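Numbering (my numbering), first residue to last: 157 to 258. We put the beta carbon where it would ideally sit given N, CA and C, even for glycine. Quantities reported herein were computed from a predicted structural model and do not represent experimental measurements.
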Amino acid sequence: MRVYLDDERQAPPGWRQVRWPQEAISLLKTETVREISLDHDLGDDARGTGYDVLLWIEETVATSDFDPPVIQVHTANPPARNRMTAAVATINRLAERCRGAD
Numbered sequence: 157m158r159v160y161l162d163d164e165r166q167a168p169p170g171w172r173q174v175r176w177p178q179e180a181i182s183l184l185k186t187e188t189v190r191e192i193s194l195d196h197d198l199g200d201d202a203r204g205t206g207y208d209v210l211l212w213i214e215e216t217v218a219t220s221d222f223d224p225p226v227i228q229v230h231t232a233n234p235p236a237r238n239r240m241t242a243a244v245a246t247i248n249r250l251a252e253r254c255r256g257a258d
């Protein structure tokens with residue numbers, strides 16, 4: 157499954173649209189998500205941002221045997237893009253270390 161988190165843009169064909177971080181996390185928990193694309197600003201910061209999904213992925217990779225999907229960032233917010241891109245790099249390094257420990 158390919159998951160597209162965005163509150164305004166429509167998901168590309170073949171992607172499952174979600175609007176809120178908790179929806180994306182619920183799908184990630186099924187371990188059937190092979191790719192995820194994240195927006196940062198979702199219209200209600202009290203409900204979370206795309207960065208919150210990255211924090212969940214990072215924690216789950218670090219504490220469980222979770223193999224993260226391919227992660228893309230499509231936010232138009234430049235500072236958030238930088239922070240999210242750095243988080244993706246951290247997740248990928250952590251996942252590689254975990255795979256190497258097997």
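In the same chain as residue 246, and ignoring 5 residues on each side of it, the C-beta atoms closer than 7 Å to its own belong to 214, in chain order. Following the DSSP letters along the chain, one finds residue 159 inside the beta strand (DSSP E) bounded by residues 158-161. A distance of 9 Å or more separates the beta carbons of residue 157 and residue 209. Taking all protein chains in view, the Cβ of residue 219 is surrounded by fewer than 16 other Cβ atoms within 10 Å, so the residue is classified as exposed. The continuous alpha helix (DSSP H) containing residue 210 extends over residues 206-219.
In the structure shown, residue 172 adopts extended strand secondary structure according to DSSP, grouped into three states. Non-local beta-carbon contacts of residue 191 in its own chain, meaning distances under 6 Å to residues more than five positions away in sequence, involve 158, 225, 226 in chain order.
Between residue 199 and residue 163 a beta carbon distance of about 5 Å is seen, short of the 8 Å cut, so the two are scored as contacting. For residue 183, the enclosing alpha helix (DSSP H) has its first and last residue at 177-185. Taking residue 238 as the centre and dropping the five residues before and after it, the same chain places no C-beta closer than 6 Å to its C-beta. Residue burial is scored here from C-beta neighbours: residue 221 has fewer than 16 other C-beta atoms within 10 angstroms and is therefore classed as exposed.
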